Each structure stands twice: as structure tokens, then as C-alpha cells.
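Student:
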């Protein structure tokens, strides 16, 4: 009996020792290479809004995410060469956006929107990409710059703003200027048409019956009522039936800067516009209509389109109704 119990105790000790030995033989953890610190991402670019000041542009001119575009355009009868003026003086780093060249070349109508593919090709050649924040200016303030702003938005690029006061204000403040032609390196720009921002002649015809959209004309009162001649030959006097009139130059001051929001609201209110209804803007050829679109956008009116052909198309046809 005694020898049997001693034998059991020795077996237990052996098992215990064996288990302890197993624990002691546990493999050590593998050494891993120290983790590399992730590269710090550049700070996100905060969009300053639809209109930027000369102070903002001067402070951000060296920012690689900001691109500057000169969108100056003149009426043909003025016989001014906007491209030559650009080469004589422009904001440093700017490229020239030729409204008449970057257009549908298959129609006799002036500076109609090109196809998305054509617009993409032109923007890529100007060294612009779909990721850029684009600031547009012109020599007068916000006139043709607004057309370029609207064009970018019509092709799906919302990262675009207008320089308040344009080159006129920039020069008055003695800010730096550059000369010569721009020679940008080509980049990749992708355009996609946004039909909600554009109106064609058939849509405008239907709207006379439905009155779903308010039509707002940016031409002078004399041209709107047919008491002064159109600058382009062969156009009838008057306006699209049922439209309202707000001359584009009532939206900015003598220095070319836009009115403050309350001033813009008052101007649209006095023109008879209902802020609850959508708007289609028009003018002579789709340029100054874009100023009205810009002003409406600034006061929060999002349902705004531009009639691209405007009076050059409507007033140049014999089959469109006209009101005096």
C-alpha cells in the first residue's frame, strides 16, 4: 500500500514538471519592424465662395490649387483685341479664356457653348484641371467674367469664382502685373454638361405658354422696349413675351464690384421677380445674362438657367414672337 501511494505521488510530480516545462518552452513573440509614420496629408483647400476679393487673390496667388483665368471679351463693334490686351497686362499666372474661340464653331450664333469634349480639350490646353479652384476676372469688373463662371458651372465645375472688381480694381490697388502670352503645361480637365443651367430656343418657346420660369432680360431698357437699336444688325426690336427687364449694369458699382446681397435682392425685387419661382436669364448673346445668374446665385436663388442664344437667336428669327 505504501509503495503504491509513493508511486502515484511520483507520477503526479512528473506530470506537474512536464506541464511546467511546456509552459517554459512557450515561443517568444516575433519582432516586427517599427511602423513608419504616415505622410501628412496637405491641409484641405477651403473654397472662399463664388466671389473673391483682390486681397484674397493676392494672398493665394502662389497656391498651386488656385488657377487664374482672364475672361475678357468685348463687343465686336468696339474693335478691341482682348487677347492683345491680356498680353500687355494680366494678373501673374493667368491664362486667357477666349469666349469666341471656346465655342460651338458649327453655328453662326456667337460664342454658343461647345461640346463637353471640346471644352475639356480647351481647358486641358490652358493648363487647367478638374481639381483646380479657378478665379475668373475681366478688365471691366464682373461682365464677361460672369459668362466664363457660368460656363464652368454649366460643364460641371463648381470650384470657380469671380474676382470682384476684376483687373480694374487690381490695377487701381497697384498690385503686380505680368506681360506676354501664357504658355501653360497641358493638364487633364473633364467636362460634363449640366442641362439644368442651360436653356435653348425650344424650351423658351414652350415657356411662353407654361410660364413655369420667369424670363429676366439683362439688356438696356431701350433695347428691351425697342426704342434703341440693337448693336448687331438684322435683329428685330423688343423682347420675349412676358419677360422682365433688369439691365446688367445695375448689379455693380462704378468700381466694378458687385452690390452687397441686400442691394442685389432689392434690384431683383424692383424688377418684379418672384423669389420662389425659377428663372431663365437672357441678354444680347448670353454674356451679360450670366451677370444676372451670378447675382441670383449670390442671394441663394439656385434654380437659374441662362438662355445661351439669347436675343441674337430669338430676335434674329422671323418665327419667334416679340413684344415691345
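In the numbering used here, the protein residues as written are 19 to 342. Just so you know, even glycine gets a beta-carbon here, dropped at the ideal spot from N, CA and C. Note that the structure is predicted; figures quoted are calculated from it, not measured.
1. Give the range of the beta strand (DSSP E) segment to which residue 160 is assigned.
2. Please report the distance separating the alpha-carbon of residue 317 from that of residue 244.
3. Comparing alpha-carbon positions, which option in 103, 334, 186 lies nearest residue 250?
4. Can you tell me the Cβ-Cβ gap for residue 225 and residue 242, rounded? I've got them flagged as a contact below 8 Å.
5. Provide the residue span of the alpha helix (DSSP H) that contains residue 100, from first to last.
6. Is residue 223 closer than 9 Å to residue 338 when the C-beta atoms are compared?
7. Quickly, what does DSSP pair residue 133 with across the bridge? List them, please.
8. Kindly indicate which three-state DSSP category residue 319 falls into: helix, strand or coil?
9. When DSSP builds the beta bridges, which residues end up paired with residue 257?
10. Restricting to runs no shorter than 4 residues, where is the alpha helix (DSSP H) found entirely within the stretch 197-285?
11. Hey, could you find the ends of the alpha helix (DSSP H) residue 127 is sitting in?
12. Measuring alpha carbon to alpha carbon, tell me which residue in 299, 169, 190 is nearest residue 313.
13. Sort 141, 181, 213, 172 by Cα distance to residue 202 and report the nearest one.
14. Please classify residue 291: does DSSP put it in a helix, a strand, or coil?
15. By Cβ distance below 6 Å, which residues in the same chain neighbour residue 343 in space, the five residues on each side in sequence not counted?
16. Which value, in whole angstroms, describes the spacing of the CA atoms of residue 199 and residue 81?
17. Which residues in the same chain have their Cβ closer than 6 Å to the Cβ of residue 310, if we skip the five residues on either side of it in sequence?
18. Counting only C-beta atoms, is residue 222 closer than 9 Å to chain C at any point?
19. Using the Cα positions of residue 84 and residue 257, report the straight-line distance between them to the nearest angstrom.
20. Mind the definition here: the stretch 142-159 touches the stretch 211-223 only if three or more C-beta pairs lie below 8 Å; say whether that holds.
21. Taking the alpha-carbon positions, what's the residue 274 to residue 158 distance?
22. Could you check the C-alpha separation between residue 336 and residue 328 for me, to the nearest Å?
Tutor: According to the structure data:
1. Counting along the chain, residue 160 falls outside any beta strand (DSSP E), and DSSP gives it neither H nor E.
2. Roughly 30 Å between the two C-alpha positions.
3. Of the candidates 103, 334, 186, the one whose C-alpha sits nearest the C-alpha of residue 250 is 334.
4. The beta carbons of residue 225 and residue 242 sit about 17 Å from each other, so the pair does not count as a contact at 8 Å.
5. Annotation for residue 100: the continuous alpha helix (DSSP H) segment containing it runs 100-106.
6. For residue 338 and residue 223, yes; Cβs fall inside 9 Å.
7. Beta-bridge partners of residue 133 (DSSP): none assigned.
8. Looking at residue 319 - three-state DSSP - the assignment turns out to be coil, as it is neither helix nor strand.
9. Residue 257 pairs with 341.
10. Qualifying alpha helix (DSSP H) stretches, in chain order: 219-228, 239-243.
11. Careful: residue 127 lies outside any alpha helix (DSSP H) and carries neither H nor E.
12. Looking at 299, 169, 190, the one whose alpha-carbon comes closest to that of residue 313 is 299.
13. For residue 202, the closest of 141, 181, 213, 172 by C-alpha to C-alpha distance is 141.
14. Residue 291: coil per DSSP, three-state reduction.
15. Outside the displayed range of the chain (19 to 342) lies residue 343, so it cannot be described from this structure.
16. Their backbone Cα atoms lie some 21 Å apart in a straight line.
17. Taken in chain order, the residues that qualify are 234, 236, 299.
18. Included in the structure is just one protein chain, with no chain C present.
19. Their Cα atoms are separated by approximately 40 Å.
20. Flag = no, the stretch 142-159 and the stretch 211-223 do not touch.
21. Looking at the two C-alpha atoms, the distance is approximately 6 Å.
22. Taking the straight line from one Cα to the other gives about 15 Å.
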